[in-house]
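As they're listed, the protein sequences go chains A and B. In this note's numbering, each residue's number is its place in the first sequence (first place is 1) plus 33. In this note's numbering, each residue's number is its place in the second sequence (first place is 1) plus 213.
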Amino acid sequence: MESPGFVHHAILLSLVLFALGVLGVFLRRNVITVLMCIELMLNGVNLAFVAFSRAHGTLDGQVLVFFVMVVAASEAAVGLAIVIALDRHKDTLDLDAFNLLKG
Amino acid sequence: MLELTKLDTVLPIAVLLLPLLGFVVLALFGDWIKRDKEESGAGWLACATVLIAFGLSAWTTARLYGLVAGPTGLRFSQPYLGFEWMEAGGFRVPFSLLVDPLSSLMTLVVTGVGALIHIYSLGYMAHDEERVRFFSYLNLFTFFMLLLVLGGNLPLMFVGWEGVGLCSYLLIGFWYRKDSASAAGLKAFIVNRIGDVGLILGMAFMFHAFGSLDLVDIADNAGSLAPERLWEFGPATIACLLLFIGATGKSAQIPLHVWLPDAMEGPTPVSALIHAATMVTAGVYMVARLGPLYHVSETAMMTVAVVGAATALMAATIALVQTDIKRVLAYSTVSQLGYMFLACGMGAFGVGVFHLYTHAFFKALLFLGSGSVIHAMSGEQDMTRMGGLRTKIPWTFGTFLVGTLAIAGIPFFAGFFSKDEILAAALGHPVLFGIGLFTALLTSFYMARLVFLTFFGTFRGGDDAEHHVRESPWLMVVPLVLLAIASAVGGFGIPLPGRPGELGQPEGWHLVSIPEIVGPVFRVGDGHLAHVAWLPVLATLTAIAGILIAYYLYLALPGARASIASSLRPALRIFAAKYYWDDVYNAFVRRVVIDGSRALLWEQIDARLIDGAVNRAGSMTKALAATLGPLQTGLVRQYVLLILAGAVALLGYLLWS
Numbered sequence: 034m035e036s037p038g039f040v041h042h043a044i045l046l047s048l049v050l051f052a053l054g055v056l057g058v059f060l061r062r063n064v065i066t067v068l069m070c071i072e073l074m075l076n077g078v079n080l081a082f083v084a085f086s087r088a089h090g091t092l093d094g095q096v097l098v099f100f101v102m103v104v105a106a107s108e109a110a111v112g113l114a115i116v117i118a119l120d121r122h123k124d125t126l127d128l129d130a131f132n133l134l135k136g
Numbered sequence: 214m215l216e217l218t219k220l221d222t223v224l225p226i227a228v229l230l231l232p233l234l235g236f237v238v239l240a241l242f243g244d245w246i247k248r249d250k251e252e253s254g255a256g257w258l259a260c261a262t263v264l265i266a267f268g269l270s271a272w273t274t275a276r277l278y279g280l281v282a283g284p285t286g287l288r289f290s291q292p293y294l295g296f297e298w299m300e301a302g303g304f305r306v307p308f309s310l311l312v313d314p315l316s317s318l319m320t321l322v323v324t325g326v327g328a329l330i331h332i333y334s335l336g337y338m339a340h341d342e343e344r345v346r347f348f349s350y351l352n353l354f355t356f357f358m359l360l361l362v363l364g365g366n367l368p369l370m371f372v373g374w375e376g377v378g379l380c381s382y383l384l385i386g387f388w389y390r391k392d393s394a395s396a397a398g399l400k401a402f403i404v405n406r407i408g409d410v411g412l413i414l415g416m417a418f419m420f421h422a423f424g425s426l427d428l429v430d431i432a433d434n435a436g437s438l439a440p441e442r443l444w445e446f447g448p449a450t451i452a453c454l455l456l457f458i459g460a461t462g463k464s465a466q467i468p469l470h471v472w473l474p475d476a477m478e479g480p481t482p483v484s485a486l487i488h489a490a491t492m493v494t495a496g497v498y499m500v501a502r503l504g505p506l507y508h509v510s511e512t513a514m515m516t517v518a519v520v521g522a523a524t525a526l527m528a529a530t531i532a533l534v535q536t537d538i539k540r541v542l543a544y545s546t547v548s549q550l551g552y553m554f555l556a557c558g559m560g561a562f563g564v565g566v567f568h569l570y571t572h573a574f575f576k577a578l579l580f581l582g583s584g585s586v587i588h589a590m591s592g593e594q595d596m597t598r599m600g601g602l603r604t605k606i607p608w609t610f611g612t613f614l615v616g617t618l619a620i621a622g623i624p625f626f627a628g629f630f631s632k633d634e635i636l637a638a639a640l641g642h643p644v645l646f647g648i649g650l651f652t653a654l655l656t657s658f659y660m661a662r663l664v665f666l667t668f669f670g671t672f673r674g675g676d677d678a679e680h681h682v683r684e685s686p687w688l689m690v691v692p693l694v695l696l697a698i699a700s701a702v703g704g705f706g707i708p709l710p711g712r713p714g715e716l717g718q719p720e721g722w723h724l725v726s727i728p729e730i731v732g733p734v735f736r737v738g739d740g741h742l743a744h745v746a747w748l749p750v751l752a753t754l755t756a757i758a759g760i761l762i763a764y765y766l767y768l769a770l771p772g773a774r775a776s777i778a779s780s781l782r783p784a785l786r787i788f789a790a791k792y793y794w795d796d797v798y799n800a801f802v803r804r805v806v807i808d809g810s811r812a813l814l815w816e817q818i819d820a821r822l823i824d825g826a827v828n829r830a831g832s833m834t835k836a837l838a839a840t841l842g843p844l845q846t847g848l849v850r851q852y853v854l855l856i857l858a859g860a861v862a863l864l865g866y867l868l869w870s
């Protein structure tokens, strides 16, 4: 069992990573940057999983992390494909240019 | 004693299905048959199916009479077609027929009179372009009528009941290019539907109350029901009254009689077959068939008798003033049907069926005779344009005269016996007896009037029409002669083979009267009436009086007619207006149904309530969309912000609540 201080720091780091990711998603305009920020959020969550796994002495959190990694990899593949399609369509990667999905 | 054999259970099914086969062949291969130059093949095929069916049912009737009696003294068989129609819980409707004295007698009437009318139609419809359609309808009608009388349970009977209604509609509107014909067809159909609602409710109620719709079950178990006195509305009374509504529709009794006179728009053989001899008697058949049940309820019996007597009197008075030859006969039919119901209501079901039987002969004869007159007059139906036809169309005149004497009740013609027994049955009730006797007087009067106007005096149709008058072809005369023979001797009974092996029974063929044949069906005593010697004399004198009055008014002293007519003007005006039934119904439909539908159902409920609800649902959705629409900007980053806000709000709620 690790000391509570270590878990505490790990959680704080994961919070900072997640918050950075969120800020990036709605402050940055470039689609690729936004995708990268989403990865950042996922990894922040992964870190929290691992930290809690360590704190409780079980493997559940670590198993979940592998799932997240697989999903993140697929997401990156699909996301990058969409980015290429978007670029071909509008010759720009500015997120605010893609605003047709509205009522 | 004979045991039931395979043949006994197969033959009724063959009787039933033969006309259906004729219909299917005519309907499917009609065009192919039409290519034939002669074009009479269709008609002969239709005649053949009904004739063979008649032969088979005659054989069945004779066999049935010699069968071993069932537990209730009734000889019957229940041919089963081999499959169930419906089965749900305790509700079971098998495809089974019921062959007993009543249904076999009805089968004889339907196929016998039906075959003669089919043959007559060969001549009558010879120049119509759509003969194939006509004969296919006639065959279909015969099938449904046989199903009606042979059906072993009420739902199966109801199929036949609706089927004959359909065929009646199709045949009344046969000349559908004529507006009045198609309107008359519709009227018949709609009025009958109103009656059928009663019939359906009655069936549902019977299943609810007695748990069975099988005709033998109902008749067997009716005896164990507690008798219900006048104004006591037990299950039997309610069921019988509901079913009687159906009977008033089909058999043209007050208040649903209005369709029958209009039904005369159809070809005359149709009037003879459907609207005189067979279909319209279905109501009488049903009441007689459920006789044991009706017998339980005094209220239902009284209703049947009173409605019958009132209809008999009313229709007879209307017939007095009609000038259309077929309309006189139509009102006469309504009146005679009322007679049959009067007999049933007095508990003499066998007598009602007896009158049904004799009426089928003489009324079919009269209708076919009137058709022959109309044929000779090139389509003219107005009696005021006829006259003196007796020497020009002697065969039609002779047979028509026999029919008239039979319906008037002149001794030893068929109508004399049945009418006499009806009056005897009504003897216990002075008012109904008086109405019956007075109606008999009116009957012989209007029939004599019809004969005198048509066949005696001088021709009033103009020279041109007079040259065209000619006797009908032999195909029409032969059925007339055969029906005249039946009308003359039909009252004596049916010759049946003796029951072999019974002690005291004479072997060989002997005459059996109709009430005696059908008596066991009703299970309510042998129905033997106290015969009083003076009654036949009184009835005969009444009939002769009616004929004599008509003779004086229409032949001997026509001057007296005008003075009598003027003194009776208010009454005659009511008769001519048919007691305003049609006007009342028209006003009701126009004011209540049409105006009410427009003002309430259309303008209020449909236009405001239903349309309003639908429109409001649409406009509310639209308004909501207009409010929430601007939230959706299409900017993905704004959506992310909203998602985040939502997630934070949710988390906050979970943490601090």
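No residue lacks a Cβ here, since even glycine has one placed at the ideal position from N, Cα and C. In this text, all values refer to a predicted model and were calculated from it rather than measured experimentally.
Query                                                                                                                                                                        : Result
Let me know the alpha helix (DSSP H) ranges lying completely inside the stretch 561-616 of chain B, each 4 residues or longer, listed in chain order.                        : 562-589
Looking at the C-beta of L50 (chain A), does it have a partner C-beta in chain B at a distance below 8 angstroms?                                                            : no
Comparing C-alpha positions only, which one of B:F554, B:A752, B:P624 and B:T656 sits nearest to H878 (chain B)?                                                             : Lying before the first or after the last residue shown, residue 878 (chain B) is absent from chain B, which here runs from 214 to 870.
Under a three-way DSSP split, which group does V312 (chain B) fall into?                                                                                                     : strand
Which residue marks the beginning of the alpha helix (DSSP H) containing W869 (chain B), and which one marks its end?                                                        : V849 to W869
Residues bridged to R305 (chain B) by DSSP?                                                                                                                                  : B:E300
In the DSSP assignment, find the unbroken alpha helix (DSSP H) run with H508 (chain B) in it and report its ends.                                                            : G504 to V509
At least one CB of chain A closer than 8 angstroms to the CB of G859 (chain B): is that the case?                                                                            : no
Here's the rule I'm using: 16 or more other beta-carbon atoms within 10 Å means buried, otherwise exposed. How should N79 (chain A) be labelled?                             : buried
Runs of 4 residues minimum, wholly inside the stretch 785-851 of chain B: which ones carry the alpha helix (DSSP H) assignment?                                              : 794-801 and 824-841
Suppose the cutoff is 7 angstroms on Cβ atoms and the five residues either side in sequence are ignored; what does the same chain contact list for L234 (chain B) look like? : T262
When the Cα atoms are used, what is the spatial distance from A758 (chain B) to G411 (chain B)?                                                                              : 41 angstroms
On the DSSP bridge list, what partners appear for E441 (chain B)?                                                                                                            : B:S510
Judging by CA-CA distance, which residue of B:T671, B:L310 and B:F423 is the nearest neighbour of F304 (chain B)?                                                            : B:F423
Quick one: Cα of D943 (chain B) to Cα of L550 (chain B), how far?                                                                                                            : Here chain B comprises residues numbered 214 to 870, so residue 943 (chain B) is not present and cannot be evaluated.
Which of the three DSSP states, helix, strand or coil, is assigned to T481 (chain B)?                                                                                        : helix
With 16 as the cutoff for other CB atoms within 10 Å, does L636 (chain B) come out buried or exposed?                                                                        : buried
Here's the rule I'm using: 16 or more other beta-carbon atoms within 10 Å means buried, otherwise exposed. How should R540 (chain B) be labelled?                            : buried
Indicate the three-state DSSP secondary structure (helix, strand or coil) for Y293 (chain B) in the structure shown.                                                         : strand
Assuming S334 (chain B) and G256 (chain B) are in contact, meaning their beta carbons sit under 8 angstroms apart, how far apart are those beta carbons, in whole angstroms? : 7 angstroms
So, does the CB of V58 (chain A) fall closer than 8 angstroms to a CB anywhere in chain B?                                                                                   : yes
Counting only Cβ-Cβ distances shorter than 8 angstroms, please list the residues of the stretch 110-130 of chain A near chain B, keeping chain order.                        : L128 and D129
Who does V725 (chain B) pair with in a DSSP beta bridge?                                                                                                                     : B:I707
Could you tell me which of B:L526, B:H470, B:T320 and B:L315 sits nearest to I265 (chain B), measuring between CA atoms?                                                     : B:T320
For chain B, check one thing: does any of its Cβ atoms lie closer than 8 angstroms to the Cβ of L75 (chain A)?                                                               : no
Start and end of the alpha helix (DSSP H) containing F371 (chain B)?                                                                                                         : L367 to I385
How would you write the range of the alpha helix (DSSP H) that K539 (chain B) sits in, first residue to last?                                                                : I538 to G558
Can you check whether the CB of A573 (chain B) is closer than 8 angstroms to the CB of V682 (chain B)?                                                                       : no
For V55 (chain A), go through chain B and note every residue whose CB falls closer than 7 angstroms to its CB, in chain order.                                               : L857
Closest to F562 (chain B) by CA distance: which of B:I818, B:F735 and B:F630 is it?                                                                                          : B:F735
Relative to the C-alpha of L159 (chain B), which candidate in A:H41, A:A118 and A:V58 has its C-alpha closest?                                                               : There is simply no residue 159 (chain B) to check, as chain B begins at 214 and stops at 870 in what is shown.
Kindly identify the DSSP beta-bridge partner or partners of G364 (chain B).                                                                                                  : B:L310
Check the Cβ-Cβ distances between L45 (chain A) and every residue of chain B, and say whether any is below 8 angstroms.                                                      : no
Which whole-angstrom value is the C-beta distance of L399 (chain B) and A518 (chain B), which I expect to be below 8 angstroms?                                              : The pair is not a contact, with the Cβ atoms about 32 angstroms apart (cut-off 8 angstroms).
What does the alpha-carbon distance come out to for the pair A81 (chain A) and D124 (chain A)?                                                                               : 38 angstroms
Where does D392 (chain B) fall in DSSP's three states?                                                                                                                       : helix
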